[in-house]
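Peer 1: The structure under discussion is supplied below as structure tokens; questions concerning it will follow.
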Amino acid sequence: MLSTITSGAVYGVQSHLVEVEVDVSQGLPCFQIVGLPGSEVREARERVKVALRNVGVKLPPLCINVNLSPADLPKNGTMFDLPVAVGIMTALGKLSPETVEGTLFLGELGLSGELKPVKGVLPIAREAAARGIRKCLLPVENAWEGELVRGMESIGAANVQEAVAQLRGEASEKAGGTARRSGEEAPPPAADNDLDFSDINGQQTLKRAAEVAAAGFHNLLIIGAPGSGKTMLARRIPSILPPLSLEESLEVSTIYSICGLLQSAGSLKTTRPFLHPHHTITGRALAGGGRIPTPGVISLAHRGVLFLDELPEFKRETLDILRQPLEDRQVQIARSTGSYTYPADFMLVGAMNPCPCGFYPDREKCRCTPYEVKRYLSRVSGPILDRMDICVEALPMRFSDIAAGGKEESSEKVRERVMGARERQNARFAGTRLHFNADMDAGDVERYCRLGEKELRYMERMFSRMQLSARAYHRILKVARTVADLAGSEEIAEIHLAEAICYRQSDHKYWQ
Ligand SMILES: [Zn+2]
Numbered sequence: 005m006l007s008t009i010t011s012g013a014v015y016g017v018q019s020h021l022v023e024v025e026v027d028v029s030q031g032l033p034c035f036q037i038v039g040l041p042g043s044e045v046r047e048a049r050e051r052v053k054v055a056l057r058n059v060g061v062k063l064p065p066l067c068i069n070v071n072l073s074p075a076d077l078p079k080n081g082t083m084f085d086l087p088v089a090v091g092i093m094t095a096l097g098k099l100s101p102e103t104v105e106g107t108l109f110l111g112e113l114g115l116s117g118e119l120k121p122v123k124g125v126l127p128i129a130r131e132a133a134a135r136g137i138r139k140c141l142l143p144v145e146n147a148w149e150g151e152l153v154r155g156m157e158s159i160g161a162a163n164v165q166e167a168v169a170q171l172r173g174e175a176s177e178k179a180g181g182t183a184r185r186s187g188e189e190a191p192p193p194a195a196d197n198d199l200d201f202s203d204i205n206g207q208q209t210l211k212r213a214a215e216v217a218a219a220g221f222h223n224l225l226i227i228g229a230p231g232s233g234k235t236m237l238a239r240r241i242p243s244i245l246p247p248l249s250l251e252e253s254l255e256v257s258t259i260y261s262i263c264g265l266l267q268s269a270g271s272l273k274t275t276r277p278f279l280h281p282h283h284t285i286t287g288r289a290l291a292g293g294g295r296i297p298t299p300g301v302i303s304l305a306h307r308g309v310l311f312l313d314e315l316p317e318f319k320r321e322t323l324d325i326l327r328q329p330l331e332d333r334q335v336q337i338a339r340s341t342g343s344y345t346y347p348a349d350f351m352l353v354g355a356m357n358p359c360p361c362g363f364y365p366d367r368e369k370c371r372c373t374p375y376e377v378k379r380y381l382s383r384v385s386g387p388i389l390d391r392m393d394i395c396v397e398a399l400p401m402r403f404s405d406i407a408a409g410g411k412e413e414s415s416e417k418v419r420e421r422v423m424g425a426r427e428r429q430n431a432r433f434a435g436t437r438l439h440f441n442a443d444m445d446a447g448d449v450e451r452y453c454r455l456g457e458k459e460l461r462y463m464e465r466m467f468s469r470m471q472l473s474a475r476a477y478h479r480i481l482k483v484a485r486t487v488a489d490l491a492g493s494e495e496i497a498e499i500h501l502a503e504a505i506c507y508r509q510s511d512h513k514y515w516q
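Residues 5 to 516 (the working numbering) make up the sequence shown, in order.
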């Protein structure tokens, strides 16, 4: 007898429904799985056989054929254990076909029949809902991921017996299994973290630069001596970022779900991610990789912040990996099984000393030779530097700053202004692919950053004085757009342009 069970697979960040067809027929006893199964999927045979036996379902000596359709899509992971087991029980007549119809099944089986959590449930459940499926049966630990999907009834089961009882409608409260209907709701505002802008004494220029960067999602480079508060500031940037919108939250949660990191979170990701890899990180860990590529750090930082402290300490090859994602806002990984694309739209925040000892250009303290300084700075390649919209210096602490402690503006205050600028951008970019000012390309800059006569003449003077490239010119306009948004101004005025130009002067000072 033949049975068909609905399941799903994730390929990159794309999810697909997979029909698990199980045929049980007379013949030499066999058990095979076809339809491009990966090694974990092939091993499902052993887990399913033992798990069913241990819950009292003995497989008769029959020929069992399992086909995973569409057959041309590679299948990986352990989520097919439960659908295969349910398919066999249905084909053997132990479950009626009506009870399994229209339900999505995902789950790994342990040998004693317990259901274990799997990765990628959220995107698969969303895909299923889009295809009209209204019910899913999942391991208890994953059940809440199904609940996040609008119009989906999510049932969690701890083991095969519970799953079967749920399907037969026998489940009592005590037998376990939780069926709840839920919908996609706006995530609550970002949770407070303990780090606050008011912890930073003085450093007004630095804080302002971080505010502009956060408001327009601009990449930010901070240069300064050790102890000037670069890292302290960078770690506090998430506290002034606008919260994730529902759409963004689902995007980010999908990536975490694929990596199996959502279960530990226990809910949708509502705060913008902040990733802080050490400088010894490999290119593969950064960009994502493996035989079946998993998202790397830059994808986990999607819609959030990637903070690279001690930027010149990173290997040049590692930094160069960032070039393509910084431009395309996604990363492509080619494998023999195909090309995988993961989103990687992050705000890059870099911090660095200006020289090996850290005190250049203070010649009283810095012992480095000009050659050493130049070599150190050149470790940050031109193309990476080029993608930094805002470059700012952290000046050494002054006594008056420290003495004036306790009167600093809180993150909440700064965030209010950032949110105001965010709303202006939302209104401007409604219905376009753009989210923030930083997303604009050259064409968008022409459309959204029109200058008046006076401002044009000002930029003309600056263009020749600073010997700007076309790319640098566009970056200044984008940052000026954000400065104007923060000021609540529809027009970009000279004062906004002047502030944006200030954010390019440090890289001129050090690199030219
Ligand atoms: Zn030095």
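Backbone N, C-alpha and C fix where the C-beta goes; we use that ideal spot for every residue, glycine too.
Any heavy atom of ligand 1 closer than 8 angstroms to the beta-carbon of E422?
Peer 2: As written in the sequence, residue 422 is Val, which differs from the Glu given in the question. The answer is no for V422.
Peer 1: Does DSSP classify N223 as helix, strand or coil?
Peer 2: Here N223 sits in coil by DSSP.
Peer 1: So, are the CB atoms of L279 and V309 less than 9 angstroms apart?
Peer 2: Against a cut-off of 9 angstroms, the Cβ pair of V309 and L279 comes out as a contact.
Peer 1: Measure the alpha-carbon distance for D390 versus P365 and round it to whole angstroms.
Peer 2: Cα to Cα, the separation comes out at about 22 angstroms.
Peer 1: Excluding the five sequence neighbours on either side, which residues of its own chain have a C-beta within less than 8 angstroms of the C-beta of L248, listed in chain order?
Peer 2: Here the set comprises P191, A194, V256, K273, T274, T275, R276, R307.
Peer 1: In the DSSP assignment, find the beta strand (DSSP E) that holds F524 and state where it starts and stops.
Peer 2: Look at the range of the chain in this structure, 5 to 516, and you will see that residue 524 is not part of it.
Peer 1: When you measure from the CB of Y364 to every non-hydrogen atom of ligand 1, does any distance come out below 8 angstroms?
Peer 2: It does: the Cβ of Y364 is within 8 angstroms (strictly closer) of some heavy atom of ligand 1.
Peer 1: Just to check my reading of the structure: G91 and M5 have Cβ atoms closer than 8 angstroms, yes? What is that Cβ distance to the nearest angstrom?
Peer 2: Going by Cβ atoms, the distance from G91 to M5 rounds to 11 angstroms, so no, they are not a contact pair.
Peer 1: Counting along the chain, where does the alpha helix (DSSP H) carrying L501 start and finish?
Peer 2: Per DSSP, L501 belongs to the alpha helix (DSSP H) from 498–515.
Peer 1: Mind checking which residues open and close the beta strand (DSSP E) that includes R135?
Peer 2: Neither: R135 is in no beta strand (DSSP E) and is coded neither H nor E.
Peer 1: Let me know the secondary structure DSSP gives F311 once reduced to three states.
Peer 2: DSSP places F311 in strand when its eight states are reduced to three.
Peer 1: Which same chain residues, not among the five before or five after A179, have their C-beta less than 7 angstroms away from its C-beta?
Peer 2: Summary for A179: the model assigns pLDDT 40, below 50, so the residue's position carries little reliability; its value from the coordinates is reported in the next sentence. Excluding sequence neighbours, A179 sits near E166, A169.
Peer 1: Quick check on the DSSP output: the beta strand (DSSP E) that includes G492 runs from which residue to which?
Peer 2: Segment: none, G492 is in no beta strand (DSSP E) and carries neither H nor E.
Peer 1: Heavy atom of ligand 1 less than 8 angstroms from the Cβ of C359, yes or no?
Peer 2: Yes, ligand 1 has a heavy atom inside 8 angstroms of this Cβ.
Peer 1: Let me check one thing: in DSSP terms, what residues is E118 bridge-paired to?
Peer 2: DSSP output for E118 lists N163 as bridge partner(s).
Peer 1: Any idea which residues DSSP pairs H439 with across the strands?
Peer 2: In the DSSP output, where bridge partners are listed per residue, H439 has none listed.
Peer 1: Less than 9 angstroms between the beta carbons of A504 and L210, yes or no?
Peer 2: Their beta carbons are not under 9 angstroms apart, which means A504 does not touch L210 by this criterion.
Peer 1: With DSSP collapsed to three states, give me the class of K482.
Peer 2: Three-state result, K482: helix.
Peer 1: Measure from the alpha carbon of A75 to the alpha carbon of each residue in N205, E50, V24, then state which is nearest.
Peer 2: Taking only the C-alpha atoms, the option nearest A75 is V24.
Peer 1: Taking the Cβ atom as the reference point for each residue, do S43 and V26 lie within a distance shorter than 9 angstroms?
Peer 2: The answer is no: Cβ separation not under 9 angstroms.
Peer 1: Just reading off the alpha helix (DSSP H) that R454 is part of, what are its end residues?
Peer 2: Element bounds for R454: n/a, residue is neither H nor E.
Peer 1: Check this for me: beta carbons of M83 and L56, under 9 angstroms apart or not?
Peer 2: Against a cut-off of 9 angstroms, the Cβ pair of L56 and M83 comes out as no contact.
Peer 1: Rounded to whole angstroms, what is the Cα-Cα separation between A183 and A161?
Peer 2: Per-residue confidence for A183 stands at a pLDDT of 47, beneath the threshold of 50, marking its modelled position as unreliable; no derived number is given.
Peer 1: Alpha carbon to alpha carbon, how far is N69 from G300?
Peer 2: Whole-angstrom Cα-Cα distance: 36 angstroms.
Peer 1: By the 10 Å Cβ neighbour count, where 16 or more other Cβ atoms means buried, how is V422 classified, buried or exposed?
Peer 2: So V422 ends up on the buried side.
Peer 1: Starting from P347, follow its DSSP beta bridges and name the residues at the other end.
Peer 2: Its beta-bridge partners are Q334.
Peer 1: Provide the residue span of the alpha helix (DSSP H) that contains Y375, from first to last.
Peer 2: First-last of the alpha helix (DSSP H) with Y375: 374–381.
Peer 1: Do H478 and A491 have their beta-carbon atoms positioned less than 9 angstroms apart in this structure?
Peer 2: Not in contact: A491 and H478 (Cβ atoms no closer than 9 angstroms).
Peer 1: Run through DSSP, which three-state label would N71 get?
Peer 2: Note: N71 maps to strand in three-state DSSP.
Peer 1: CB I137 to CB T10, shorter than 9 angstroms?
Peer 2: Result yes, Cβ atoms of I137 and T10 sit closer than 9 angstroms.
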